[in-house]
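Some notes on the structure that comes next.
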Amino acid sequence: MSTSVSKDAAGSILSPRPMVRVISVYLFYLLGAALALGAVACGGPNADRETKPAPTVTASPRPEPPQPDLHGFSFPIVGGCLPTSERLIPNAPRTYRNGVHEGIDFYQSDNCTKITGGTEVVAAKAGRVIRADLEYVDLTAKTVQAYLNNPNTEHSLDQFRGRQVWIDHGAGVVTRYCHLSGIAPGITTDLAVAVGQLIAFVGESGTPTSTRKPGTEYHLHFEVRVGDSYLGKGLPAKQVRPLYRELFGVTGK
Ligand SMILES: [Zn+2]
Numbered sequence: 002m003s004t005s006v007s008k009d010a011a012g013s014i015l016s017p018r019p020m021v022r023v024i025s026v027y028l029f030y031l032l033g034a035a036l037a038l039g040a041v042a043c044g045g046p047n048a049d050r051e052t053k054p055a056p057t058v059t060a061s062p063r064p065e066p067p068q069p070d071l072h073g074f075s076f077p078i079v080g081g082c083l084p085t086s087e088r089l090i091p092n093a094p095r096t097y098r099n100g101v102h103e104g105i106d107f108y109q110s111d112n113c114t115k116i117t118g119g120t121e122v123v124a125a126k127a128g129r130v131i132r133a134d135l136e137y138v139d140l141t142a143k144t145v146q147a148y149l150n151n152p153n154t155e156h157s158l159d160q161f162r163g164r165q166v167w168i169d170h171g172a173g174v175v176t177r178y179c180h181l182s183g184i185a186p187g188i189t190t191d192l193a194v195a196v197g198q199l200i201a202f203v204g205e206s207g208t209p210t211s212t213r214k215p216g217t218e219y220h221l222h223f224e225v226r227v228g229d230s231y232l233g234k235g236l237p238a239k240q241v242r243p244l245y246r247e248l249f250g251v252t253g254k
């Protein structure tokens, strides 16, 4: 048969058969030793000591970072309430700057109390003032246009919020009060304020409309920042509204 012929030929050419057997047996033992070593390294029966997990340290746990407390806020305008329109709550589109709304707008036309230029704005919760624009300069038609040409930079967005006060409530929660016409006497950076304390007055600063038709855009734009975002970011109105109802402790329908 042709197969046996070629085997015989290969055997006679390479080496005598006994030598092939010796080498095969030697290789077999080498392979066995390698497998045994591998088993140890990969967790064989003798590997317990090396792979035992480190004991869990429970004696001195690292303290948890403080969690944002999104309860116990008051409306920033006494007698105010959440607007009914979805255009006035977070995530409503804002076409003039191709962006989304990041806060709540308190307008007289959709609220529970009188809101006009000069209406008092109060701290929504106790905290520390971290920004009070005491040196604010009103925008002009020309400066507004410059920001509208490049609307979504941090600087432009900040300018569109007009004169502002920011209050830090701890654990990454900051409230922003925007479009103000003025800041209450004595309110300055680093001041500790109590909930309900007068901090500023409603205005229309920073709104593009205020440069074209002054006196027609009075409202408070109020933001609740959480970390580097805002409360309700990315959620549909149906889910945003309950977050703010909970924030202000609004009960009932
Ligand atoms: Zn707004």
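Numbering (our numbering), first residue to last: 2 to 254.
Every residue, glycine too, gets a C-beta built ideally from N, C-alpha and C.
Three-state class that DSSP yields for residue i in the structure shown
i, result
"E155", "helix"
"S110", "helix"
"A133", "strand"
"E103", "coil"
"A238", "helix"
"A261", "Residue coverage of the chain in this structure runs from 2 to 254, which leaves residue 261 outside it and unanswerable."
"A193", "strand"
"R164", "coil"
"G44", "Per-residue confidence for G44 stands at a pLDDT of 37, beneath the threshold of 50, marking its modelled position as unreliable; the derived number appears in the next sentence. Three-state DSSP puts G44 in coil, outside helix and strand."
"A172", "coil"
"S230", "strand"
"E247", "helix"
"P94", "strand"
"R177", "strand"
"A147", "helix"
"L83", "coil"
"A201", "strand"
"L89", "helix"
Cα-Cα separation between residue i and residue j, rounded to whole angstroms
i, j, result
"K126", "V196", "4 Å"
"L135", "Y219", "19 Å"
"P209", "V145", "6 Å"
"V123", "S61", "42 Å"
"P66", "D229", "16 Å"
"R226", "Q109", "24 Å"
"R95", "Q165", "19 Å"
"Y148", "V101", "16 Å"
"H180", "E103", "14 Å"
"D169", "V194", "10 Å"
"K143", "G204", "20 Å"
"D106", "F76", "12 Å"
"L221", "R63", "41 Å"
"G235", "Y245", "14 Å"
"L247", "G233", "The sequence given here places Glu at residue 247; Leu does not occur at that position. One C-alpha to the other measures close to 12 Å."
"G250", "I78", "15 Å"
"L140", "L192", "27 Å"
"A201", "P215", "19 Å"
"T114", "V138", "29 Å"
"F161", "Q68", "30 Å"
"I184", "Y178", "10 Å"
"T252", "G171", "25 Å"
"G128", "F74", "11 Å"
Nearest-angstrom beta carbon gap, residue j and residue i [assumed within contact, 8 Å]
i, j, result
"S86", "D70", "The Cβ separation is near 28 Å, so there is no contact."
"T176", "E224", "7 Å"
"G118", "S211", "Between S211 and G118 the Cβ distance is about 10 Å, and since that is not below 8 Å, they are no contact."
heavy atom of ligand 2 below 7 Å from residue i C-beta
i, result
"D111", "Of the ligands this structure carries, namely ligand 1, none is ligand 2."
Beta-carbon proximity of residue i to residue j, cut-off 8 Å
i, j, result
"W167", "I131", "yes"
"S206", "G173", "no"
"P152", "R98", "yes"
"A133", "T217", "no"
Proximity test, Cβ basis, 8 Å: residue i and chain C
i, result
"N151", "The structure shown has no chain C; it contains just one protein chain."
Legend entry - Any 3 or more C-beta pairs closer than 8 Å across the stretch 73–86 and the stretch 154–162: no
Inset, instruction - For the stretch 237–253 and the stretch 89–105, state whether three or more C-beta atom pairs, one from each stretch, are separated by less than 8 Å. - result: yes
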